[in-house]
Amino acid sequence: MLEEIGVPYELTVMTRDERKSAEHISRHPLGRVPVIELDDGRLLFESAAICIQLADLHPEAGLIPPVGSPERGLVYQWSLPEASASTPSETSPGLSSPACLPARVRGARGTNNSA
Ligand SMILES: N[C@@H](CCC(=O)N[C@@H](CS)C(=O)NCC(=O)O)C(=O)O
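Take a look at the structure:
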């Protein structure tokens with residue numbers, strides 16, 4: 002997604018031990034990935050939340066419909082059940098999930114402060 006947006010980022014692939022370290026638990030209470038660290042230092046986990054936030058921060062990329070539009074409703078329809086599934090893509094078999102990237106991402110500058 003960050004490639005599509007076209008912003009610089011740093012990807013850290015994490016081993017299981019690194020995910021369960023105190024340092025990473027401070028980023029994600031369950032020691033999971035993905036986690037994104039934005040340029041202002043804020044952390045965000047849950048892949049659906051990360052994707053929606055990145056899309057909102059970069060409206061110029063045209064990756065998400067406007068808030069309140071019928072099309073935006075479809076984003077929630079497909080994203081929220083995925084976020085609450087016990088395993089990624091349980092709700093959409095056959096689709097690969099960004100949640101399965103064994104990674105922490107840093108960067109992803111935000112430009113939209115209007116939300
Ligand atoms: N609902 C979460 C799922 C995150 C998740 O389950 N990540 C897996 C990798 S696919 C993980 O970190 N597993 C390690 C663990 O649970 O200890 C999301 O979409 O971000």
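If you use the working numbering, the sequence shown corresponds to residues 2 to 116, in order. Glycine included, every Cβ here is placed at the ideal spot set by N, Cα and C. All of these numbers come straight from a predicted model, not from anything done at the bench.
Next on the checklist: Taking 6 angstroms as the limit between beta carbons, can you name the residues of its chain near Glu-47, skipping five residues before and five after?
Outcome noted: For Glu-47, where only same-chain residues beyond five positions count, the Cβ hits under 6 angstroms are Ala-84.
Checklist entry - Would you call Ser-97 buried or exposed, if buried means 16 or more other Cβ atoms sit within 10 Å of its Cβ? => result With a pLDDT of 46 at Ser-97, under the threshold of 50, the predicted position of this residue should be treated as unreliable, though the coordinate-derived value follows. Around the C-beta of Ser-97, fewer than 16 other C-beta atoms lie within 10 Å, and the residue is accordingly described as exposed.
Checklist entry - Should Asn-114 be labelled buried (16 or more other beta-carbon atoms within 10 Å of its own) or exposed? => result Per-residue confidence for Asn-114 stands at a pLDDT of 39, beneath the threshold of 50, marking its modelled position as unreliable; the derived number appears in the next sentence. Exposed is the call here.
Checklist entry - Do Leu-44 and Val-34 have their C-beta atoms closer together than 8 angstroms? => result No. Outside cutoff.
Item to check | Span of the alpha helix (DSSP H) around Glu-24 | outcome: From DSSP, the alpha helix (DSSP H) with Glu-24 extends over 23–26.
Checklist entry - Alpha carbon to alpha carbon, what distance is there between Glu-11 and Arg-28? => result Roughly 16 angstroms separates the two Cα atoms.
Checklist entry - If you follow the beta strand (DSSP E) that Glu-47 is part of, which residue opens it and which one closes it? => result Per DSSP, Glu-47 lies in no beta strand (DSSP E) segment and is marked neither H nor E.
Checklist entry - Should Ala-135 go down as buried or exposed, given a rule of 16 or more other Cβ atoms within 10 Å for buried? => result Residue coverage of the chain in this structure runs from 2 to 116, which leaves residue 135 outside it and unanswerable.
Item to check | Spatial distance of Ser-70 from Gly-7 (CA atoms) | outcome: In a straight line, the C-alpha of Ser-70 is about 25 angstroms away from that of Gly-7.
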